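Q:
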Amino acid sequence: MSIMTSASRAPTLMLLPSVGIWKIGEELYFDRKFYDGVLTYTKLWPGNFCLTIRLATTPPPTFGLIQYVAKSFPAKVNVIEPNVTIDSSHLNGADIVLASGDSFDGFHIVDLCHTLKIKCIYIIEYTLETRLQIASISNLNLWRKFKSIVWLLLKERKRIQAFRHADGLQANGVPAYDSYAHLVPNALLYFDTRNSASMGITDTELSTRLSHLESQAPLRLGFSGRLISMKGADHLIEIAHQLHNRQIPFSLDIFGTGELLPQMQQNINIYGLDSCVRLHGAVDYASELVPFIKSNLDLFVCCHRQSDPSCTYLETYACGVPIIGYNNKAHMGILARHDVGWGIAMNDVNRFVDLIERLNLQRDEIKSKSLNAVLFAQDHTFEATFQRRISQCIQLADQ
Numbered sequence: 049m050s051i052m053t054s055a056s057r058a059p060t061l062m063l064l065p066s067v068g069i070w071k072i073g074e075e076l077y078f079d080r081k082f083y084d085g086v087l088t089y090t091k092l093w094p095g096n097f098c099l100t101i102r103l104a105t106t107p108p109p110t111f112g113l114i115q116y117v118a119k120s121f122p123a124k125v126n127v128i129e130p131n132v133t134i135d136s137s138h139l140n141g142a143d144i145v146l147a148s149g150d151s152f153d154g155f156h157i158v159d160l161c162h163t164l165k166i167k168c169i170y171i172i173e174y175t176l177e178t179r180l181q182i183a184s185i186s187n188l189n190l191w192r193k194f195k196s197i198v199w200l201l202l203k204e205r206k207r208i209q210a211f212r213h214a215d216g217l218q219a220n221g222v223p224a225y226d227s228y229a230h231l232v233p234n235a236l237l238y239f240d241t242r243n244s245a246s247m248g249i250t251d252t253e254l255s256t257r258l259s260h261l262e263s264q265a266p267l268r269l270g271f272s273g274r275l276i277s278m279k280g281a282d283h284l285i286e287i288a289h290q291l292h293n294r295q296i297p298f299s300l301d302i303f304g305t306g307e308l309l310p311q312m313q314q315n316i317n318i319y320g321l322d323s324c325v326r327l328h329g330a331v332d333y334a335s336e337l338v339p340f341i342k343s344n345l346d347l348f349v350c351c352h353r354q355s356d357p358s359c360t361y362l363e364t365y366a367c368g369v370p371i372i373g374y375n376n377k378a379h380m381g382i383l384a385r386h387d388v389g390w391g392i393a394m395n396d397v398n399r400f401v402d403l404i405e406r407l408n409l410q411r412d413e414i415k416s417k418s419l420n421a422v423l424f425a426q427d428h429t430f431e432a433t434f435q436r437r438i439s440q441c442i443q444l445a446d447q
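The opening residue of the sequence shown carries number 49 in the numbering used here; numbering runs sequentially from there.
1) Is it true that the CB of Y333 sits closer than 8 angstroms to the CB of A425?
2) Count the other C-beta atoms from every protein chain shown that fall within 10 angstroms of the C-beta of M394, then say buried if there are 16 or more, exposed otherwise.
3) Is Q115 helix, strand or coil by DSSP?
4) By Cβ distance below 8 angstroms, which residues in the same chain neighbour H209 in space, the five residues on each side in sequence not counted?
5) What are the start and end residues of the beta strand (DSSP E) that includes D79?
6) Hey, N420 and H379 are a contact pair by Cβ (cut 8 angstroms); roughly how many whole angstroms apart?
7) Since F271 is in the beta strand (DSSP E), which residue starts that stretch and which ends it?
8) So, at 6 angstroms on beta carbons, what are the nonlocal neighbours of C350 in its own chain, with the 5 sequence-adjacent residues on each side left out?
9) Given that a residue counts as buried once 16 or more other Cβ atoms are within 10 Å of its Cβ, and exposed if not, what is Q410?
10) Per DSSP, A229 forms a beta bridge with which residues?
11) Would you check if there are 3 or more beta carbon pairs closer than 8 angstroms linking the segment 303-315 to the segment 261-281?
12) To the nearest angstrom, report how far apart I392 and D226 are at their CA atoms.
13) Tell me which same chain residues have a C-beta within less than 6 angstroms of the C-beta of V325, skipping the five on either side of it?
14) With a Cβ-Cβ cutoff of 8 angstroms, do M247 and R353 count as a contact?
15) Would you mind sorting Q311 into buried or exposed? The rule is 16 or more other CB atoms within 10 Å of its CB.
16) From the DSSP secondary-structure annotation, give me the bridge partner or partners of R102.
17) Give the secondary structure of N234 by DSSP, where H, G and I count as helix, E and B as strand, and everything else as coil.
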């Protein structure tokens, strides 16, 4: 497949992401996950790659950063100020643009691209429903919540209009795909993940872990993510409390930090769960979290309330661990296509515990879904996902 431009030169792919780059002192730092994605773009795109990125206004995370070193970075990087509006000068030299559809200040980019005869693909993760969910459970007062919701509705009209004029769409997760794919002639569904093919669980590792289920040892439950209400972290200890009261042998390992951490620790002490619930805090993803999940979890407890396309899903499946989760649209969208877990009515802790109690007695069902999870994840590795996204760009560049 040729993607040479009319001027017989290698085409340039430009990325305009929603994430920023942090300036600490005189140095610039990428988010590690984003950095790895950019490197993958440069490897797979058969031409030139350019990144135009804003300086971040949020505090930098305490871990997971990697320094940007211009002379060794394999792509051109244009760093712009936070409040600068993208104009035609920022798109200079691009043949195809990947622009964030989640950003509220990029809906005009498709018009710039049309004027400059550049192909435009939007990337979208959040749906209007998810944005409204976030607004509704925020700490804003009632009037400010109302204003926020109205603002979101007005911006959604502009988002839809922009997508209708785009050349392509890359939708992360089923909810975003179902919401917007019909607007764009070339739409791609993908599932976000950090797991490369080499990080997936091996047959030997899976067999060893599944043998634990045959031993009738206590079920090993786990969670990883931000310990905040939107992720349902407030229900984790309540689930453990009910399991403990029903005298169901289990362990629950929780990884992550967040505003609910102090209350969770307090409740562990109040309920006397310190022997079966462990709070690990934040750990390195590749070297600590993934090996732990692959070796030590039978079920992943996912109480996510919002329907965002969390990478938690694919990354857990890659470890061969099925998920019990609330019926948010992201989770149910996967379960509608793949038999890799169980869905529970939103906020129904009792039914959540009922299911765990049943699965404790019917462990072959866990084993079956574990095998399905591995097969699903193998088709959606980090490499395979990026290859599909790049292939879409190549296809559009050829048109």
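The C-beta atom is built at its ideal place from N, Cα and C for all residues, glycine as well. Since we're looking at a predicted model, the values are computed, not measured.
A: Quick answer:
1) no
2) exposed
3) strand
4) Per the sequence presented here, residue 209 reads as Gln, with His not at that position. Once the five neighbours on either side are set aside, the close Cβ partners of Q209 are F155.
5) 75-79
6) Rounded to whole angstroms, the Cβ separation of N420 and H379 is 15 angstroms, and the two are not in contact under 8 angstroms.
7) 267-272
8) I371, G373
9) exposed
10) The partner list for A229 (beta bridge, DSSP) is empty, contrary to what the question assumes.
11) yes
12) 21 angstroms
13) A288, L300, I316
14) no
15) exposed
16) BP columns for R102 point to I128.
17) DSSP places N234 in coil when its eight states are reduced to three.
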